[in-house]
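Peer 1: I'd like to ask you about the structure that follows.
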């Protein structure tokens, strides 16, 4: 399979970490290699790029794609929550720039067998790393009604979460739910008719929630941000592209925590805690795709780029 992917905010993300020759950079979500390639090109002739991805299909493609770059690029099969371990295993003590492009890449959506999309019938899988055992079918068929409702509400921000969970438990008692088509149809019929007639596909939020649950996306992001900041060199930058409000909230809060200085109560006339900010925001407001990119790639419409620089 060709793992071709329309990279979102390509130049904006790479330029945000100020690549230069001799620097060390990490692309934590290699995917089709768009950001990795530009990092390599902009840090030539002596910059090093470490890329990792939990999807082996993506890595097989990018290893061939970057063969001519030789020792300037190292590609590792790993979840980005393992960023500290990856750095230690490669004997990398400090990194000058780290980029994250979150979300599911186009090939993962477009290959029906991966089970990410409600637009084609396929096994209910949704694993980004296919070496893990838990699938979306396991979640849908094995968790109780309350647990399912919580996942749909918290990870999908689905207002009909309880009704959907109730319908899934009822229908799985008749036969195990194994396909994307059956799941989408159950979800569609479990919500009010008025809600089905307007807005996005009725199953969109449920599919997002299941993908996040199967891959522990939010927990992994939390760990990855902490690990990235720990190995970031002074003056180094982290750039993160998010695609939904849950990811963006985690990134904003983590950046704000690093950039916060004094923690004294507001009524104190002078600071006594002595706490200094660990970082500075580079982007006061998130960078979003321009009209040209939006017209070329509709999947970029929800993308937001935020950047922070370590002191």
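Residue numbers (the numbering used here): -10 to 300.
Ideal placement from N, C-alpha and C gives every residue a C-beta, glycine not left out.
Bear in mind that the values here come from a model prediction, so they are computed numbers and not experimental data.
(1) Could you check where the alpha helix (DSSP H) with residue 65 kicks off and where it finishes?
(2) Across which residues does DSSP place residue 302 in a beta bridge pair?
(3) Would you call the stretch 2 to 10 in contact with the stretch 78 to 95, where contact means no fewer than 3 C-beta pairs closer than 8 Å?
(4) Let me check understanding here. Comparing Cα to Cα, which of 279, 75, 112 lies closest to residue 217?
(5) I need the boundaries of the beta strand (DSSP E) containing residue 227, first residue and last residue.
(6) Using the Cα positions of residue 201 and residue 266, report the straight-line distance between them to the nearest angstrom.
(7) Can you give me the C-alpha to C-alpha distance between residue 281 and residue 290, rounded to a whole angstrom?
(8) Output yes or no for whether 7 Å exceeds the beta carbon distance between residue 264 and residue 252.
(9) I'd like the list of long-range same chain contacts for residue 31, defined as Cβ closer than 7 Å, with 5 residues on each side in sequence excluded.
(10) Quick check: residue 64 and residue 40, are their CB atoms within less than 7 Å of each other?
(11) Is residue 38 helix, strand or coil by DSSP?
(12) Just list the residues that DSSP pairs residue 276 with in beta bridges.
(13) Return the Cβ separation of residue 62 and residue 42 in integer angstroms, given the expectation that the two are a contact with Cβ distance under 8 Å.
(14) Could you work out which residue in 149, 235, 163 is closest to residue 130 when comparing CA atoms only?
(15) When DSSP builds the beta bridges, which residues end up paired with residue 15?
(16) Where DSSP assigns a beta bridge to residue 112, which residues make up the other side?
(17) Using 8 Å for Cβ pairs, my map puts residue 149 next to residue 184. What's the rounded Cβ distance?
(18) Once the 5 residues before and after residue 239 are set aside, which same chain residues still bring their CB inside 7 Å of it?
(19) Counting pairs of Cβ atoms below 8 Å between the stretch 154 to 162 and the stretch 118 to 127, do you hit three or more?
(20) Measuring CB to CB, does residue 89 end up less than 7 Å from residue 229?
(21) Looking at residue 292: is its Cβ nearer than 7 Å to the Cβ of residue 232?
(22) Sorted by chain position, which residues of the same chain lie with C-beta nearer than 6 Å to residue 213's C-beta, five sequence neighbours on each side aside?
(23) Using only CA atoms, which one of 234, 12, 27 lies nearest to residue 194?
(24) Residue range of the alpha helix (DSSP H) that residue 163 falls in?
Peer 2: Quick answer:
(1) From DSSP, residue 65 is part of no alpha helix (DSSP H) but of the beta strand (DSSP E) over 62 to 66.
(2) Because the chain spans -10 through 300 in this model, residue 302 falls outside it and cannot be assessed.
(3) yes
(4) 75
(5) 221 to 231
(6) 32 Å
(7) 11 Å
(8) yes
(9) 3, 8
(10) yes
(11) strand
(12) 294
(13) About 13 Å; that fails the 8 Å criterion.
(14) 163
(15) 39, 87
(16) 168
(17) 7 Å
(18) 207, 210, 211
(19) no
(20) yes
(21) yes
(22) 69, 70, 72
(23) 234
(24) Counting along the chain, residue 163 falls outside any alpha helix (DSSP H), and DSSP gives it neither H nor E.
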